[in-house]
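Asker: The structure that follows is given in the form of structure tokens.
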Amino acid sequence: MTLQIPGRLYLADQHGTLTTPQSSRRSVFSFGPYQDAQRPAAGRLLALNEETLAGGHQLVLPASQAAHCLVLPLTGAVGCGDALSQELVQVEAVWAGLVSAGHQLVLSNPYAEEAVSFLHIWLALDASLAAQPQATTVAYTFQQVESGLAELVSTPDLRLSLGRFGGRQEDVYRLHDTEALFFAYVLAGAFEVEGRLLHPNDGLALWQVQQVELEALSNNALVLVLEVSQ
């Protein structure tokens with residue numbers, strides 16, 4: 054008998070939502086005004102949010118603790134940084150920065166009328182490492198992420214991969230740290246991940262795993278994978 058890997062599903066219709074005249078947000082975990090005792094952080098993975106920001110507006114997101122932040126534009130460019138300095142991050146790039154406790158991450162829409170959508174992901178960081186906030190942008194191409202997972206960001210305690218799959222295409226993600234958290238978030242299409250069925254905006258956390266099998270159940274299926282050392 055095959056033993057099922059310990060894990061938890063985060064279904065899209067149970068995510069927290071926040072809508073204002075400026076933006077709309079879907080939160081996998083408790084974040085900002087959305088707080089749910091049933092949706093705590095998954096270890097060091099504090100938050101994963103999908104945000105749509107109206108034209109000409111910005112978000113000011115305070116950090117209650119030192120955090121490593123990733124921003125992945127989905128449609129349109131996003132300004133990333135703080136109130137004094139912004140870097141314009143295009144689609145086909147990932148912005149990674151450190152935000153010290155008590156400081157703010159500022160995300161802005163550079164277009165006057167068009168909305169943009171993006172992911173912003175927050176991971177707990179040792180406060181000593183965030184004493185001097187710094188940021189980097191990693192570029193990739195859509196060709197890189199076709200036909201399987203491609204690693205876009207790699208640090209000693211974090212790896213981010215993205216992949217677009219054809220129907221019934223499979224891949225195996227092998228963890229570099231078997232004590233790390235594996236987290237998958239489906240951006241488009243449907244997947245089966247270690248026997249769990251995932252639809253758009255569903256998330257899956259797995260623990261105590263050495264490798265994870267993924268199979269796309271539809272064409273142009275897009276999935277984000279995080280490996281987070283705990």
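Sequential numbering of the sequence shown, starting at 54, is according to the numbering used here.
In this text, a Cβ means the ideal position worked out from N, Cα and C, and glycines have one as well.
(1) Quick one: what's residue 260 bridged to in DSSP?
(2) Kindly indicate which residue of 242, 154, 161, 257 has the alpha-carbon position closest to the one of residue 248.
(3) Please report the residue range of the alpha helix (DSSP H) in which residue 195 lies.
(4) Could you tell me how far apart the beta carbons of residue 205 and residue 193 are, in whole angstroms, since I believe they sit closer than 8 Å?
(5) Excluding the 5 residues flanking residue 184 on each side, which residues of the same chain have their C-beta closer than 8 Å to its C-beta?
(6) On the three-state DSSP scale, how would you describe residue 65?
(7) Let me know if residue 126 comes out buried or exposed under the rule of 16 or more other beta-carbons within 10 Å of its beta-carbon.
(8) Given a threshold of 16 other Cβ atoms within 10 Å of its Cβ, counted over all protein chains shown, does residue 61 qualify as buried or as exposed?
(9) Measuring CB atoms only, is the segment 219-236 touching the segment 82-94, in the sense that at least three cross pairs come out at less than 8 Å?
(10) Identify whether residue 277 lies in helix, strand or coil by the three-state DSSP scheme.
(11) At the level of alpha carbons, what is the spacing between residue 173 and residue 151?
(12) Between which two residues does the beta strand (DSSP E) containing residue 126 stretch?
(13) Taking only three categories from DSSP, how would you classify residue 227?
(14) Just to confirm before moving on: does the CB-CB distance between residue 104 and residue 170 stay below 8 Å?
(15) Nearest by alpha-carbon distance to residue 276: which of 282, 120, 235, 99 is it?
(16) Find out if the Cβ-Cβ distance for the pair residue 283, residue 92 is shorter than 8 Å.
(17) Roughly how many angstroms lie between the CA atoms of residue 124 and residue 228, to the nearest whole one?
(18) For the segment 125-142 against the segment 158-170, are there 3 or more C-beta pairs whose distance is under 8 Å?
(19) By DSSP, does residue 173 sit in helix, in strand, or in coil?
(20) Note down the Cα distance separating residue 120 from residue 270, rounded to an integer number of angstroms.
(21) Anyone know if the C-beta pair for residue 112 and residue 76 falls short of 8 Å?
(22) Just to confirm, are residue 265 and residue 251 a CB contact at a threshold of 8 Å?
Answerer: Result, derived from the coordinates:
(1) Answer is none; residue 260 lacks a bridge partner.
(2) 257
(3) Residues 195-198.
(4) The Cβ separation is near 5 Å, so the contact holds.
(5) In this prediction, residue 184 has a pLDDT of 49, which is less than 50 and means its spatial position is unreliable; what the coordinates show is noted afterwards. 153, listed in sequence order.
(6) Here residue 65 sits in helix by DSSP.
(7) buried
(8) exposed
(9) no
(10) Residue state, collapsed to three classes: strand.
(11) 13 Å
(12) 120-128
(13) strand
(14) yes
(15) 235
(16) no
(17) Roughly 22 Å separates the two Cα atoms.
(18) yes
(19) The answer is strand: DSSP assigns residue 173 an E or B state.
(20) 35 Å
(21) yes
(22) no
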